[in-house]
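Q: My structure is below; once you've seen it, I'll send some questions.
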Amino acid sequence: MQTTILQMFKRKERDEETQNVLKIRKTTPTEDTVEAQREEEETQPEEVAAGPSEATTGDASPTAYPSIWKEEQYEQFKQKNEWMYAHNGRLGCTPCHDVKDLGVMASRGVNIAIQWADGKIIPAGQSRDVQLSSLRKKIREHKNSAAHNEAVKILQTANKDILLNMNASSQEFCVFMTAYYVAKNNKPFTDFESD
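Okay, here's the thing in structure tokens:
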């Protein structure tokens with residue numbers, strides 16, 4: 001009886017080992033899959049979201065703005081939405097690209113849209129009218145999104161140079177505290193050394 005129990009345990013251990021080996025083989029990429037992934041990455045063109053670029057002339061070359069737009073339409077949308085940029089026929093958001101992560105300013109469910117930050121917004125739909133309305137909707141929704149507005153606020157705050165202003169206001173505070181102390185105690189100002 002004991003030998004049959006021991007044999008059962010040994011058989012169970014062997015089965016578990018073979019299952020572990022199979023799991024490792026499945027999760028470990030083979031050389032073929034690694035090479036295929038490298039080739040796929042090399043063949044995909046790099047997408048740079050650096051901002052607007054100049055549109056080139058010619059039918060074969062891509063424009064900076066989406067191909068369904070005319071240049072006047074792009075300029076009109078650009079004037080209404082200064083934050084928007086176009087690159088290789090795709091749209092992006094400059095503030096979202098610059099901020100990338102809201103950090104402590106993020107609230108629940110509010111995140112920067114990666115597609116807007118990386119400049120990968122393209123029109124959806126088959127006909128030109130559907131694609132135009134799709135782009136208008138995407139632009140409007142992003143413009144009104146909480147994440148975009150937070151990114152704009154972060155950039156505006158960064159441009160105010162708050163640290164420099166805080167330093168200046170703290171120096172003013174020290175000067176007024178000294179003046180208050182001198183006036184309150186009827187002391188001459190010459191008692192204080194200058195810094």
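Be aware that the sequence shown starts at 1, since it is given in this note's numbering, and climbs by one per residue. In this text, a Cβ means the ideal position worked out from N, Cα and C, and glycines have one as well.
(1) How would you call Leu164, buried or exposed, if buried means at least 16 neighbouring beta carbons within 10 angstroms?
(2) Identify whether Arg108 lies in helix, strand or coil by the three-state DSSP scheme.
(3) Tell me the rounded alpha-carbon separation between Ala64 and Ala147.
(4) Can you tell me whether Ala179 is buried or exposed? The criterion is at least 16 other CB atoms within 10 Å of its CB, across all chains shown.
(5) First and last residue of the alpha helix (DSSP H) that includes Tyr65?
(6) Measure the CB-CB distance between Leu102 and Ala151 and report whether it falls below 8 Å.
(7) Cα separation between Asp155 and Glu16?
(8) Where does Ile199 fall in DSSP's three states?
(9) With respect to the beta strand (DSSP E) encompassing Leu135, which residues constitute its N-terminal and C-terminal limits?
(10) Can you tell me which of the three DSSP states Thr56 falls into?
(11) Tell me which same chain residues have a C-beta within less than 6 Å of the C-beta of Glu72, skipping the five on either side of it?
(12) Check Gln19 in the structure and name its three-state DSSP category.
(13) Using the three-state DSSP reduction, which class does Leu155 fall into: helix, strand or coil?
(14) What's the gap between the Cα of Leu132 and the Cα of Lys100?
(15) Keeping to the same chain, check which residues put their C-beta closer than 7 Å to that of Ala60; ignore five residues upstream and five downstream.
(16) Sorted by chain position, which residues of the same chain lie with C-beta nearer than 7 Å to His142's C-beta, five sequence neighbours on each side aside?
(17) Would Ala86 be called buried (16 or more neighbouring beta carbons within 10 Å of its own) or exposed?
(18) Between the alpha carbons of Thr18 and Met8, how many angstroms are there, rounded?
(19) Taking only three categories from DSSP, how would you classify Leu91?
(20) Comparing alpha-carbon positions, which option in Arg128, Gln171, Thr4 lies nearest Lys70?
A: For this structure:
(1) exposed
(2) coil
(3) 25 Å
(4) Ala179 should be labelled exposed.
(5) Counting along the chain, Tyr65 falls outside any alpha helix (DSSP H), and DSSP gives it neither H nor E.
(6) yes
(7) Per the sequence shown, residue 155 should be read as Leu rather than Asp. Using only the alpha carbons, I get a separation of about 56 Å.
(8) Since the first residue of the chain shown is 1 and the last is 195, residue 199 is not available in this structure.
(9) Premise fails: Leu135 lies in the alpha helix (DSSP H), 128 to 143, not in any beta strand (DSSP E).
(10) Its pLDDT being 36, under 50, Thr56 is placed unreliably by the model, and the measurement read from it follows with that caveat. Look at Thr56 here: in three-state DSSP terms it is coil, with no helix or strand label.
(11) Within the same chain, Glu72 has no close Cβ partners at all.
(12) helix
(13) helix
(14) 27 Å
(15) Because Ala60 carries a pLDDT of 40, less than 50, the predicted location of this residue cannot be relied on, and no value is offered for it.
(16) Cys93, Ala113, Trp116, His148
(17) With 16 or more other Cβ atoms inside 10 Å of its own Cβ, Ala86 counts as buried.
(18) 15 Å
(19) In the structure shown, Leu91 adopts extended strand secondary structure according to DSSP, grouped into three states.
(20) Arg128
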